[in-house]
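Working notes, beginning with the structure itself.
Numbering (full-length UniProt numbering), first residue to last: 1 to 612.
Dropping the structure here:
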């Protein structure tokens, strides 16, 4: 990823550069400022100072061609250029507005129009504002009132521009309070912090958390379009924990390479356990870290197969964060994918596992993998940030040789999830993308057909197929004609709604059934259609609004969906049904997994909660 940092000489930018130089997902950094940007001191482990390029721009209202060439091809920009509240008192408001408003809008327009050859997805633009900057002028604060209102105007314009760009730009506004640093300022700074927090009511956040949160959102995608002080602290704290764990793992690799005899120690040996501990924690945290939807419903939670012992692969072989891990139909092969752009295939046998193949080809982070039903062969689908969907097939049962058999560059932005249909409906693969479209690939008679249609204008985060058999058809004495092989699925998007789609035989296309399912007040991160084929249909949806909604419909409801709401203390990322369709697993930002079941009164109860 190529990252632009505008206003790169401030203390927040310095910390952001320091962390970005150590982050494997950042390939290059353009530090844009009015003067030369130096490499920060005290670089972290694995930092590569060669990734930083200082670009001087003397006039941010007019970008010369030499500067534009350096900025071209960027994936993201963090805009930190502004006049601080204290400095604004000594400057005319018109000059302050020029720096804060005009320069920001001009920069955003210029960046969005630059060539981005070789890049996929929208330009991610983060604007740094402040906690006390209202977008409603009538709520002007009593301290720095005009200044804060003007910053609120910039926020509004940045978000409006992203909407008007129709997918070219994706914008996020961060609103930190007082940004603190352990090595910045003395008694005077601490006094200012105390006044800000107690008198003005301004929250504070550590600069390291702000920088880590900026990196996390730049690389992984925006959690929402506005991040408040508490959001930055939470995201940054989690991101710093992952950084420390990765650093511990890197240290461990050096110890093992320097002392290969340690590898010969049995896993139960105390010294070996101490070496393995950081790596095991990294794998667990990485597996739960992903905030994009990555979960075909019937293969990934402990609720699905209580008789199968959990396993931890001590050495994943990945060089970056793991986003997905899926067992095949028989539980004998495990596929994992990562931000290192690779897919790993492991062979599982009892308590042991063996890496048998590394699949390469994606040009960005790989978000998800999904196994097809074995009746179609050992086939794996993968999708990622590069907007591509790959289909891989094992060519021989003896040599474990995998080959990429199909390559689908169908989308203009990140493909967030792929899901295979129930095998009774055919060999179908649904793909959901941040470009707002869903594509469905059909493999039949050694040929491939596909259809693509708009689903959610702000991006599609999740997709889940309905059972191929209509509800109640198994218990009914007279199943309706055509009840087997139904092609229906549900999608969830950044527009906060769910939509149900069904294949129309007459037009040979997918049509939306009825109106969208509404009720969520934030992005829908995951949807899961229960595999049950009894009288009722169940759909679970997880949202950043800290709720899970369980939607039910039966033949007597005339296609209407009723809803029950489960409330949580944090954003919810994933939902997954057990194979029988009667137990729902829920996981979220609180690092908990809870299991839910419907009682005889039709109420949903938590029957188990697990926290790491």
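Glycine included, C-beta positions come from ideal geometry on N, C-alpha and C.
The alpha-carbon of residue 41 is positioned some 24 Å away from that of residue 176. In the three-state scheme derived from DSSP, where H, G and I count as helix and E and B as strand, residue 382 is classed as strand.
Of 143, 86 and 178, the smallest CA-CA separation from residue 131 is found for 178. Of 420, 319 and 342, the smallest CA-CA separation from residue 329 is found for 420. If you check the CB distance, residue 464 and residue 490 come in under 8 Å. Between residue 100 and residue 4 a beta carbon distance of about 18 Å is seen, past the 8 Å cut, so the two are scored as non-contacting.
Contact between residue 384 and residue 415 holds, since their C-beta atoms are separated by about 7 Å, short of 8 Å. Non-local C-beta neighbours of residue 25 in its own chain, meaning closer than 6 Å and more than five positions away in sequence, comprise 1, 219 and 339, ordered along the chain. For residue 53, the enclosing beta strand (DSSP E) covers residues 52 to 56. Excluding residues up to 5 positions away in sequence, 148, 151 and 152 lie with their Cβ nearer than 6 Å to the Cβ of residue 133 in the same chain. Relative to residue 145, the option among 587, 160 and 85 whose CA is nearest is 85. Only residues of its own chain outside the window of five on either side were considered, and among them 21 have a CB closer than 7 Å to the CB of residue 48, listed in chain order. Looking at the DSSP output, residue 403 sits in a beta bridge with 393. The beta-bridge partner set that DSSP reports for residue 326 consists of 335. Taking a contact to require three or more Cβ pairs closer than 8 Å, the stretch 536 to 546 and the stretch 436 to 444 do not qualify as touching.
Residue 51 is classed as buried because its beta carbon has at least 16 other beta carbons within 10 Å across all chains shown. Burial is judged here by how many other beta carbons sit within 10 angstroms of a residue's own beta carbon; residue 550 has at least 16 and is buried. In the structure shown, the three-state DSSP call for residue 137 is helix.
Of the candidates 344, 353 and 354, the residue whose Cα lies closest to the Cα of residue 381 is 344. Taken atom to atom, the span from the alpha-carbon of residue 335 to that of residue 595 is near 25 Å.
Counting the other Cβ atoms within 10 Å of the Cβ of residue 34 gives fewer than 16, which makes it exposed.
Within the DSSP bridge table, the entry for residue 180 names 206 as partners. Bridge pairing for residue 538: 552 [DSSP]. When the beta-carbon positions are compared, residue 347 and residue 332 come within less than 8 Å of each other. Residue 565 counts as exposed, since fewer than 16 other C-beta atoms from the protein chains shown sit within 10 angstroms of its C-beta.
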